[in-house]
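Enquirer: Read top to bottom, the protein sequences are chains A and B.
Numbering of the first sequence is given in our numbering, commencing with residue 2 and proceeding in unit increments.
Numbering of the second sequence is given in our numbering, commencing with residue 3 and proceeding in unit increments.
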Amino acid sequence: MKSLPVSAMLRLAWRNLWRNYRRTVVMLLAIAVGVWAMIFMSALMRGMVDEMVTNGIDSLPGYVQIHQLGFRDDPSINNSLQPPGPELLGALENPLVAGWTSRVRVPAMISSERDNRGVTLLGVDPAGEIAVGFDLDNIVAGRFIGSPQDKGLVVGRKLLERLETHLGKRVVVMSQDPDNNIADRGFRIVGVYKASLEGQEENFVYSGRSHVQSLLKMGRQVSEIAITGHDYRAVDELLEIIRAASPPGSEVLPWMELESYLYGMMGMMDGFILVWTIVVFLALSFGLINTLMMAVFERVREIGLMQALGMKPSSILYLILMESLLLLLLGLLAGNILAIASILPLREGIDLSGVARGMEMFGAGSTLYPVLDLHDLATANTVVIVLGLVTSLLPAWHASRYSPVEAITKI
Amino acid sequence: MQSLILILLSLVTASSCAGEINARQLVKDAMNHWRGRTSSTVITMTIHRPDWERSMTLQAWSKGAKLSLVRVIEPKKDAGNGTLLNDNNMWTYSPKINRIIKVPSSMMQQNWMGSDFSNKDIAKSTDLIDQYEHKLTGQRESQGHIFYTVTSIPHEEAPVVWGKEVITIRDDFVLMEQQFWDQDNVLVKSMKTLKVEEMGGRAVASVMRMGKLETPDEWTEIATRSIEFDLELPANIFTLSNLRNPRR
Numbered sequence: 002m003k004s005l006p007v008s009a010m011l012r013l014a015w016r017n018l019w020r021n022y023r024r025t026v027v028m029l030l031a032i033a034v035g036v037w038a039m040i041f042m043s044a045l046m047r048g049m050v051d052e053m054v055t056n057g058i059d060s061l062p063g064y065v066q067i068h069q070l071g072f073r074d075d076p077s078i079n080n081s082l083q084p085p086g087p088e089l090l091g092a093l094e095n096p097l098v099a100g101w102t103s104r105v106r107v108p109a110m111i112s113s114e115r116d117n118r119g120v121t122l123l124g125v126d127p128a129g130e131i132a133v134g135f136d137l138d139n140i141v142a143g144r145f146i147g148s149p150q151d152k153g154l155v156v157g158r159k160l161l162e163r164l165e166t167h168l169g170k171r172v173v174v175m176s177q178d179p180d181n182n183i184a185d186r187g188f189r190i191v192g193v194y195k196a197s198l199e200g201q202e203e204n205f206v207y208s209g210r211s212h213v214q215s216l217l218k219m220g221r222q223v224s225e226i227a228i229t230g231h232d233y234r235a236v237d238e239l240l241e242i243i244r245a246a247s248p249p250g251s252e253v254l255p256w257m258e259l260e261s262y263l264y265g266m267m268g269m270m271d272g273f274i275l276v277w278t279i280v281v282f283l284a285l286s287f288g289l290i291n292t293l294m295m296a297v298f299e300r301v302r303e304i305g306l307m308q309a310l311g312m313k314p315s316s317i318l319y320l321i322l323m324e325s326l327l328l329l330l331l332g333l334l335a336g337n338i339l340a341i342a343s344i345l346p347l348r349e350g351i352d353l354s355g356v357a358r359g360m361e362m363f364g365a366g367s368t369l370y371p372v373l374d375l376h377d378l379a380t381a382n383t384v385v386i387v388l389g390l391v392t393s394l395l396p397a398w399h400a401s402r403y404s405p406v407e408a409i410t411k412i
Numbered sequence: 003m004q005s006l007i008l009i010l011l012s013l014v015t016a017s018s019c020a021g022e023i024n025a026r027q028l029v030k031d032a033m034n035h036w037r038g039r040t041s042s043t044v045i046t047m048t049i050h051r052p053d054w055e056r057s058m059t060l061q062a063w064s065k066g067a068k069l070s071l072v073r074v075i076e077p078k079k080d081a082g083n084g085t086l087l088n089d090n091n092m093w094t095y096s097p098k099i100n101r102i103i104k105v106p107s108s109m110m111q112q113n114w115m116g117s118d119f120s121n122k123d124i125a126k127s128t129d130l131i132d133q134y135e136h137k138l139t140g141q142r143e144s145q146g147h148i149f150y151t152v153t154s155i156p157h158e159e160a161p162v163v164w165g166k167e168v169i170t171i172r173d174d175f176v177l178m179e180q181q182f183w184d185q186d187n188v189l190v191k192s193m194k195t196l197k198v199e200e201m202g203g204r205a206v207a208s209v210m211r212m213g214k215l216e217t218p219d220e221w222t223e224i225a226t227r228s229i230e231f232d233l234e235l236p237a238n239i240f241t242l243s244n245l246r247n248p249r250r
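1) Using a Cβ-Cβ cut-off of 8 Å (strictly less than) and excluding sequence neighbours within five positions of V193 of chain A, which residues of its own chain qualify?
2) When the Cα of S148 of chain A is compared with those of A:D136, A:L137 and A:D126, which residue comes out closest?
3) Find the nearest neighbour of A33 of chain A within the set A:V387, A:V391, A:A340 and A:E349, judged by alpha-carbon distance.
4) Quick one: Cα of N238 of chain B to Cα of G200 of chain A, how far?
5) Can you tell which of A:P314, A:Y370, A:V387 and A:L326 has its C-alpha closest to the C-alpha of P405 of chain A?
6) Between S12 of chain B and the rest of its own chain, which residues show a CB-CB distance below 6 Å, the 5 nearest in sequence each way excluded?
7) Going by DSSP, which residues form a beta bridge with F71 of chain B?
8) Please list the residues of the stretch 172-191 of chain B that have a C-beta atom closer than 7 Å to any C-beta atom in chain A, keeping them in chain order.
9) Would you kindly work out how many angstroms separate the C-alpha atoms of Q27 of chain B and P97 of chain B, rounded to a whole number?
10) What does the alpha-carbon distance come out to for the pair M2 of chain A and G311 of chain A?
11) Count the other C-beta atoms from every protein chain shown that fall within 10 angstroms of the C-beta of R142 of chain B, then say buried if there are 16 or more, exposed otherwise.
12) Among the candidates A:E324, A:E52 and A:D51, whose CA atom is the shortest distance from the CA of L29 of chain A?
13) Along chain A, in chain order, which residues have C-beta atoms closer than 8 Å to that of V206 of chain B?
14) Closer than 8 Å, CB to CB, is M33 of chain B near chain A or not?
15) Just how far apart, CA to CA, sit A408 of chain A and H399 of chain A?
16) Name the DSSP bridge partner or partners of W93 of chain B?
17) In chain order, what residues of the same chain lie with their CB nearer than 6 Å to the CB of K195 of chain A, ignoring the 5 residues before and after it?
18) From L10 of chain B to N91 of chain B, what does the alpha carbon distance come to, in whole angstroms?
19) So the candidates are A:V301, A:R302, A:S77 and A:V372; which of them puts its Cα closest to the Cα of R349 of chain A?
20) One question on the structure: do E230 of chain B and G213 of chain B come within less than 8 Å of each other, judged by their Cβ atoms?
21) Are M108 of chain B and G119 of chain A close, meaning C-beta to C-beta below 8 Å?
22) Under a CB-based cut-off of 8 Å, is V29 of chain B close to chain A?
23) Could you check the C-alpha separation between V29 of chain B and I171 of chain B for me, to the nearest Å?
24) For the stretch 101-128 of chain B, list every residue whose C-beta sits within 8 Å of some C-beta in chain A, in sequence order.
25) Measuring only the C-alpha atoms, how far is G86 of chain A from S103 of chain A?
26) Given a threshold of 16 other Cβ atoms within 10 Å of its Cβ, counted over all protein chains shown, does G66 of chain B qualify as buried or as exposed?
27) Spell out the partners DSSP gives M307 of chain A in its beta bridges.
28) My parser needs the alpha helix (DSSP H) runs of 4 or more residues fully inside the stretch 14-78 of chain A; what are they?
29) Compare the C-beta of N88 of chain B against all C-beta atoms of chain A and say whether one is closer than 8 Å.
30) Report the residue from B:T46, B:N34, B:A32 and B:K191 whose alpha carbon sits nearest the alpha carbon of S228 of chain B.
31) For E202 of chain A, return the contacting residues in chain B, with the cut-off set at a CB-CB distance below 9 Å.
32) Using the Cα positions of F298 of chain A and L318 of chain A, report the straight-line distance between them to the nearest angstrom.
33) Listing by chain order, which chain A residues have their CB less than 7 Å from the CB of A160 of chain B?
34) For a contact meaning CB atoms closer than 8 Å, what does W164 of chain B contact in chain A?
35) Hey, does M442 of chain A have any beta-carbon neighbour from chain B nearer than 8 Å?
36) In this structure, what does DSSP give as the bridge partners for P156 of chain B?
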């Protein structure tokens with residue numbers, strides 16, 4: 002006994018599928034909507050996490066950072082570093098390094114005539130800061146710091162509003178020098194920057210590095226050295242090179258550890274997307290199993306006849322599985338097209354300014370940009386095909402186990 | 003003849019730079035007049051708010067321009083609270099917690115003992131002389147006195163938020179008014195002398211009121227009860243141990 006050729010089986014399966022086209026269309030719709038939901042939702046979540054990560058990295062530019070041991074527990078002036086020595090400078094020449102800078106970073110108070118707030122004062126070298134990712138397009142008024150000796154101050158848009166002051170006005174920045182004496186000086190606001198997070202705009206103020214060093218009487222010491230690579234996901238190699246060259250008593254950490262919350266979120270989101278896909282599939286699978294079961298029960302006599310005419314039980318199993326496969330493939334096709342068609346128009350972002358404050362709380366901006374990740378697309382499709390076939394094994398196995406005599410005589 | 007020319011010459015040079023030197027000297031004299039070489043004062047500070055008001059009596063000592071010690075005498079529950087100032091450094095002591103705390107830079111902008119003065123106002127009162135450019139901008143006569151108006155503009159890098167301060171000084175060096183203007187030329191707050199009395203051998207601004215223009219019903223008034231100038235103060239008075247354990 003020869004089994005049927007695949008092409009004949011395929012034709013048979015295809016025709017069987019459209020014998021009860023209404024049932025097939027309903028099932029197709031169910032699969033398509035399910036797949037759409039999987040892909041669309043993961044794109045939204047992906048978008049949110051991506052933005053959180055980018056915001057997080059933007060707020061502390063540098064994929065790898067060098068600090069004095071203890072700086073992270075007490076970010077004060079006493080935990081500062083020597084500027085990079087020859088060994089470290091050599092390592093920073095490595096092609097894996099996209100840019101690096103050293104900055105002074107201290108907590109400070111800023112006051113205007115009407116208000117005062119706690120901020121983080123950054124003494125920066127503008128060339129280096131731009132190399133590690135400060136975008137000059139974010140300067141909305143005035144200019145950025147011009148040189149390490151620049152005496153001007155660049156503040157965030159929101160901070161300016163809070164202090165009720167303006168570009169070109171003087172403010173006082175107050176901090177502490179290494180002997181715990183008060184170090185304060187008047188600064189003129191020369192520039193205003195914007196950031197996607199208000200918290201960032203309120204927190205960071207920039208001035209020239211040498212100027213801040215002289216204010217704080219810290220010589221040539223710096224608080225941190227920040228290094229960027231080319232891909233924020235792969236920093237291990239960069240980390241090793243920098244770690245090997247960094248001076249003793251310093252701590253070299255990747256952003257994953259500096260911002261462990263963000264990194265954790267990224268890992269969690271991967272798991273979450275898989276769980277979400279499976280949950281949607283479970284709802285779907287009941288529909289699938291029911292449809293196939295009905296298709297089998299309807300055709301008990303037919304199956305009996307085919308067996309009586311010499312069809313092997315295994316061929317019947319394959320036939321039912323093939324029907325299921327065709328159904329799944331069609332559904333997936335429709336679902337993927339639907340998902341891509343609905344994500345593409347949203348490329349420009351979804352405006353969430355109504356809930357901006359809530360979004361801000363977990364570090365995302367007020368515009369959500371869905372991200373269509375091929376990896377997520379593959380996950381959804383694989384889950385549906387593999388689990389779909391596994392689910393249809395039950396009705397298919399059922400069908401192949403009929404005894405021909407019983408089946409033919411069944412009413 | 004020669005001497006006459008000399009006198010004329012000196013007069014010319016004196017008048018040509020009189021504006022600047024005078025204004026700065028005037029402010030300096032007013033500060034010296036206010037603080038003396040040393041001083042010991044008892045003042046009553048009244049903090050007024052729309053829905054409450056409270057007064058406390060303070061004993062204060064000062065020496066030179068940099069050292070001051072202030073201690074609360076009344077009310078009883080606050081008695082013993084003290085503040086020691088040495089240049090720009092500030093320490094507070096509270097007997098209830100028996101701790102001396104060095105006021106960190108982050109707290110310098112906060113209110114001093116709940117009044118309308120910030121810690122910085124208290125700690126930096128003499129910076130007025132060096133951190134500003136002084137100019138005599140007006141002078142008028144009334145009640146038999148001449149009142150000079152000095153406009154003081156802070157230096158570019160001075161740790162001062164104001165656009166300018168306008169100070170009125172009477173010809174006997176009593177500080178009559180100190181106005182704080184923002185950088186858009188809007189008056190933000192002012193300290194006015196409401197009463198001048200003869201005390202401790204000189205004319206003293208005995209009642210002064212500090213308030214913001216935006217909130218006219220919130221102010222702090224300082225009334226001098228008694229004052230002594232140029233007395234001998236023991237060297238150990240401006241020390242942390244004296245802040246904690248008063249010997250005087």
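Note that beta-carbon positions come from the ideal geometry of N, C-alpha and C, so glycine has one too.
Expert: On the basis of the coordinates in this document:
1) I140, V141, A142, G143, V155, V156, G157, R158, L161 and L168
2) A:D126
3) With respect to the C-alpha of A33 of chain A, the residue from A:V387, A:V391, A:A340 and A:E349 having the closest C-alpha is A:A340.
4) 48 Å
5) A:P314
6) Residue placement at S12 of chain B is poorly supported in this model, since its pLDDT is 46, which falls under 50; the coordinates still yield a value, given next. Counting only Cβ-Cβ distances below 6 Å, and skipping sequence neighbours, we find nothing.
7) According to the sequence provided, residue 71 of chain B is Leu. The question's Phe does not apply to it. Per DSSP, B:W63 and B:L86.
8) D184, Q185 and V190
9) A direct Cα-Cα distance of roughly 41 Å separates Q27 of chain B from P97 of chain B.
10) Unreliable placement is indicated for M2 of chain A, whose pLDDT of 47 sits below 50; the coordinate value is still reported in the next sentence. Going by the C-alpha atoms only, they are around 7 Å apart.
11) exposed
12) A:E324
13) By Cβ distance, chain A contributes nothing, its closest Cβ being about 29 Å from V206 of chain B, past 8 Å.
14) no
15) 12 Å
16) B:L86 and B:K104
17) N139, V141 and R158
18) Residue confidence is low: L10 of chain B scores 47 on pLDDT, short of 50, so the model does not pin down where it sits. Its coordinate-derived value is still stated next. Taking the straight line joining both Cα atoms gives about 47 Å.
19) It should be pointed out that residue 349 of chain A corresponds to Glu in this sequence rather than to Arg. The shortest Cα separation from E349 of chain A among A:V301, A:R302, A:S77 and A:V372 belongs to A:V372.
20) For the pair E230 of chain B and G213 of chain B, the CB atoms are not nearer than the 8 Å cut-off.
21) Here residue 108 of chain B turns out to be Ser, not Met, going by the sequence shown. A contact, by the Cβ cut-off of 8 Å.
22) no
23) 8 Å
24) K104, P106, S107, S108, M110 and Q111
25) 12 Å
26) exposed
27) Partner(s): none; M307 of chain A has no beta bridge.
28) 22-60
29) no
30) B:T46
31) Chain B residues near E202 of chain A: none, gap ~20 Å exceeds 9 Å.
32) 14 Å
33) G187
34) E114
35) This structure cannot settle anything about residue 442 of chain A, because the visible part of chain A is limited to 2 through 412.
36) B:Y134
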